[in-house]
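Numbering (our numbering), first residue to last: 8 to 269.
In what follows, a structure is listed as structure tokens, so that the remarks can point back to it.
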């Protein structure tokens, strides 16, 4: 069914970390979503794909989501789907603006997509970007957000605009320059010019040095790589399986569990 003119939503913000069973059961119930599954993804990615798939040609999708998916490793399949099916009209990075009461660590964005089967039009599209730099004053989140949205509405249709609250500009890259790799859409043309010059004058450090992770905190689950470090005796004795939780307990916490000796 592709007959919707508009789709708008605030999809659930649920990451795969700590919710693997939700993702597994969804794929089990609806095998279609296996094609768009990728490790470390967020549940909202499926909502974007679903919404876009329901639009008629020229239909528009407007979502408010977390701001991380344009660069997240787990969103590669989402980015590929968008590039193959839509024109990215607008991206509004809300920055530090608090949008939802009680939600922690908010970095949100609003974006608008248009269903488009014309590959050339998608390739040549220049994305409109708005970046919020400063919050408006207000007695409540609702008042602050309403002031911001009214301000954005006043200037969003212009070519470019800047003041103490917002920057509006065309993305320095065309949609055709994007791939399923990370999208850096909200950097200004001025910053993009600087980065291009830096890129031309030097060599990437990865060409002559090995780049690896530094000190990592303890994993919260047993991985296929972790379990290789254990002997078969340890694995069978404690019935350890990939995906089991890893917990660090104090002696007091351990004693409070009243675990039976094996």
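We put the CB at the ideal spot given by N, CA and C, even for glycine.
Since we're looking at a predicted model, the values are computed, not measured.
Test item: CB-CB of residue i and residue j under 9 angstroms
| i | j | result |
| --- | --- | --- |
| residue 138 | residue 80 | no |
| residue 54 | residue 77 | no |
| residue 21 | residue 43 | no |
| residue 10 | residue 61 | yes |
| residue 97 | residue 113 | no |
| residue 205 | residue 192 | no |
| residue 74 | residue 17 | no |
| residue 247 | residue 229 | yes |
| residue 123 | residue 165 | no |
| residue 121 | residue 67 | yes |
| residue 52 | residue 84 | yes |
| residue 163 | residue 107 | no |
| residue 244 | residue 183 | no |
Option nearest residue i by Cα separation, candidates the options
| i | options | result |
| --- | --- | --- |
| residue 157 | 184, 172, 166 and 167 | 172 |
| residue 186 | 168, 251, 36 and 89 | 89 |
| residue 126 | 267, 227, 245 and 94 | 94 |
| residue 82 | 163, 122 and 46 | 46 |
| residue 227 | 58, 254 and 35 | 254 |
| residue 142 | 135, 109 and 150 | 150 |
| residue 249 | 237, 260, 257 and 259 | 237 |
| residue 69 | 215, 40, 140 and 118 | 118 |
Three-state class that DSSP yields for residue i in the structure shown
| i | result |
| --- | --- |
| residue 174 | strand |
| residue 142 | coil |
| residue 49 | strand |
| residue 129 | helix |
| residue 164 | coil |
| residue 241 | helix |
| residue 233 | helix |
| residue 249 | coil |
| residue 159 | helix |
| residue 28 | helix |
| residue 88 | helix |
| residue 100 | strand |
| residue 12 | strand |
| residue 265 | coil |
| residue 121 | strand |
| residue 257 | coil |
ask   = What are the uninterrupted segments assigned as alpha helix (DSSP H) that are 4 or more residues long and contained completely in the region 34-86, given in chain order?
value = 51-60
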